[in-house]
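Chemist: Let me begin by handing over the structure; questions about it come next.
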Amino acid sequence: MPTVHVDGKHSFEVEEGKKLVLALEDNGIDILHRCGGNAKCTTCRCEVLEGELGPKGEAEEAILSDKDITDPKIRLSCQNRVYSDLTVKPVKTTTTTNLDPGKRPVD
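The opening residue of the sequence shown carries number 1392 in this note's numbering; numbering runs sequentially from there.
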């Protein structure tokens, strides 16, 4: 099973193929997902510090472009599944924004 390390937090094993946003939330990591995992809001974005996610899908590419987010290390956790070891850092959290996390994304 792949291991996800969250910068400044803890590491945990993840079932291969699980959505990153769900892996984070299920392991107690503070992460927003305001649109429910539909690639509409970019609140679930993470910086990938180590490891690789697959290529960006059409929905992820479109919303990142629309929001002028061009850093290739910034990815939407709702649009990516974990297949290998990763180190990530959530960009927005409920704590830093004072927002409700949003509807739980579906797998």
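Think of the CB as a built atom: it goes at the ideal place given N, C-alpha and C, for glycine as much as any other residue. Only a predicted model underlies this, so the values are computations on that prediction, with no experimental measurement involved.
So does the region 1411-1424 actually touch the region 1462-1473, counting three or more Cβ pairs closer than 8 Å?
Modeler: The region 1411-1424 is in contact with the region 1462-1473.
Chemist: Assign I1454 to one of three DSSP states: helix, strand, or coil.
Modeler: Note: I1454 maps to helix in three-state DSSP.
Chemist: Just reading off the alpha helix (DSSP H) that T1488 is part of, what are its end residues?
Modeler: Taken as a continuous stretch (DSSP letters only), the alpha helix (DSSP H) holding T1488 covers 1485-1488.
Chemist: State yes or no: is the C-beta of E1416 nearer than 7 Å to some heavy atom of the ligand ADP?
Modeler: The ligand ADP is not part of the structure shown, which contains no ligands of any sort.
Chemist: In the region 1392-1477, which residue ranges form an unbroken beta strand (DSSP E) of at least 3 residues, counting only runs that do not cross its ends?
Modeler: 1394-1397, 1402-1404, 1436-1441, 1465-1467, all fully within the region 1392-1477.
Chemist: Identify every residue that forms a DSSP beta bridge with V1479.
Modeler: Answer is V1397, V1439, bridged to V1479.
Chemist: Quick one: what's got a C-beta closer than 7 Å to E1438's C-beta in the same chain, skipping five residues either side?
Modeler: Closer than 7 Å at Cβ, skipping near neighbours: K1464, I1465, V1479, K1480, V1482.
Chemist: Decide if R1495 is buried, meaning its Cβ has at least 16 other Cβ atoms within 10 Å, or exposed.
Modeler: It counts as exposed.
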